[in-house]
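Engineer: First the structure, which I've put down as structure tokens, then a few questions once you've had a look.
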Amino acid sequence: MKKISIIVLCLVIFVCIPFLLSNNKNQVVYCDDEMTASEIEEIIEESVNSQLGDLDFSDFEDVLNQLGDDEKQIFGSASFLDKIKKIISGEFSENQQSIWSAILNLFFDDVLSFLPLIAIVIAISVTFSLVSSSKPNGKTKSLGDVIHFVCYGTVIIILVTCTISMINLTSTTIQSIKAQMDIAFPILLTVMTAIGGVVSVSVYQPAVAVLSGTITNIFTTILMPIFIFRLVFSIISNLSNNVKLEKFASFFSSAFKWIIGSVFTIFSAFIAIQGIIAGSVDGISFRTAKYAIKNTIPLLGSYISDGLNLIVASSVLIKNAVGAGGLLLLFATIIVPIVKLVVFMFSLKLASAILEPITDSRISNFISMLAKSISLLIVIIVGCAFMYVLVSGMIMLSANFI
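One gets the numbering used here by counting positions in the sequence shown from 1 and adding 1479 to each.
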């Protein structure tokens, strides 16, 4: 009887359990799903905070602290680490109105700073034109040459002094871009190595070294002297009607364009092709490793594979957030010199247009040639910054295995 009772009890329990589970099925699954989502979010957050704590952003903070109030407003934060956390958490929302307001403030401040300079140049040139038109008829050539030399020399001193400050500003900006490369790329490559993008790192590491070393040196040691030579020949070619050196100035302009175009094309093609190939190889390797873990480790293989996904996901978030933060810092760094150079260039073009019908053509030609030379400084900054953006973008797009 005892055996029969035990058997009957087991049968009753076996029959009742499915009904009990079916009645509570939705509730149980719902609670498990909520817990699973919460746990995943907590694990990713802990992993992100742990990895951010291991990274050193002090050099980025130093660069940010050296910026002015307008640049910090454009960057959108007083701390680089806080900016990274906002990007990772999805709270990255820039106030577009404040950014444009800061840029407009920079623009109008530069316009007001260059207005007295341009007004002085125009006033000197107009005075020269009036004196030349009222000179005695008997001493036209010699006196006219003396007046032109005095006026032209005064204009040269004023504009070249300002141009030297623009050259120094450009050199300082290039050095700042190089310093940011030396800070950002080691962090990005370290995080990429942790993700498993070993092949990508082996490709980007020499490219980064070439960019921060060779290419920036080309910009500062070759392109900057070419700009100076062009400026000198522009000055000399307008001293007298008998001196014809415009072709030399044109030659240096062509050399400048060919050098920067060749460097940009070769480097961009190399980094793009190699980066795409390396990213594909790393993606295949990562998926192969996940498959091997999931199918060779009994019972725990699936859990380990899912945990690996969470760790890699947090590392990808950090990599892309650091890259985006570095690009925002780069933009805040270069916007001031670019706006200043653009305003100075258009001020010169405006002065040349005003002076062309009322004064000696040599003065207006020199101012026009100087404006074209200033555009080369803008190209140097934009070219160097764009290569930085290209490499950072390729790194951000690489090793995104999740």
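Note that the Cβ used here is the ideal one computed from N, Cα and C, for glycine as well.
Values in this document were obtained by computation on a predicted structure and should not be read as measured data.
#1: Figure out for me which residue from L1876, S1843, V1861 has the closest Cα to the Cα of I1601.
#2: If I measure Cβ to Cβ from I1853 and keep anything under 8 Å in the same chain, skipping five residues before and after, which residues do I get?
#3: Compute the Euclidean distance between the alpha carbons of F1727 and I1694, then round it to the nearest angstrom.
#4: Do you know offhand how far E1835's Cα is from K1564's?
#5: Expressed to the nearest angstrom, what Euclidean distance is found between the alpha-carbon atoms of K1531 and S1716?
#6: Starting from P1836 and walking both ways along the alpha helix (DSSP H), at which residues does that stretch end?
#7: Using C-beta distances below 8 Å, list every residue in its chain close to V1815, excluding the 5 sequence neighbours before and after it, in chain order.
#8: Using only alpha-carbon positions, find the residue among M1873, A1557, V1858 that is nearest to I1750.
#9: So is the beta-carbon of A1832 under 6 Å away from any non-hydrogen atom of the ligand GTP?
#10: By alpha-carbon positions, which one of L1808, K1657, R1841 ends up nearest to A1557?
#11: Quick test of the definition: if touching needs 3 or more C-beta pairs under 8 Å, does the region 1696-1705 touch the region 1645-1664?
#12: Comparing C-alpha positions only, which one of I1797, F1865, L1849, Y1867 sits nearest to E1524?
#13: With a CB to CB cut of under 7 Å and the five nearest residues on each side skipped, what residues in its chain are close to G1805?
#14: DSSP three-state call for D1535: helix, strand or coil?
#15: Determine the closest residue to L1568 out of A1850, S1713, F1865, A1800, with distance taken between C-alpha atoms.
#16: In whole angstroms, what is the alpha-carbon distance linking G1617 and S1608?
Structural biologist: So, from the data block:
#1: S1843
#2: T1642, M1645, L1820, F1823, M1824, L1827
#3: 25 Å
#4: 55 Å
#5: Note that residue 1531 is Leu in the sequence shown, not Lys. Taking the straight line joining both Cα atoms gives about 58 Å.
#6: Here P1836 belongs to no alpha helix (DSSP H), and DSSP marks it neither H nor E.
#7: G1547, D1549, E1550, L1585
#8: M1873
#9: This structure does not include the ligand GTP; it has no bound ligands of any sort.
#10: L1808
#11: yes
#12: I1797
#13: Q1659, A1663, S1871
#14: coil
#15: Sequence inspection shows Ser at residue 1568; the Leu mentioned does not correspond to that position. Among A1850, S1713, F1865, A1800, the Cα nearest to that of S1568 belongs to A1800.
#16: A caution first: G1617 carries a pLDDT of 49, below 50, which makes its placement in the model unreliable, though a value can still be read off. Cα-Cα distance, rounded: 18 Å.
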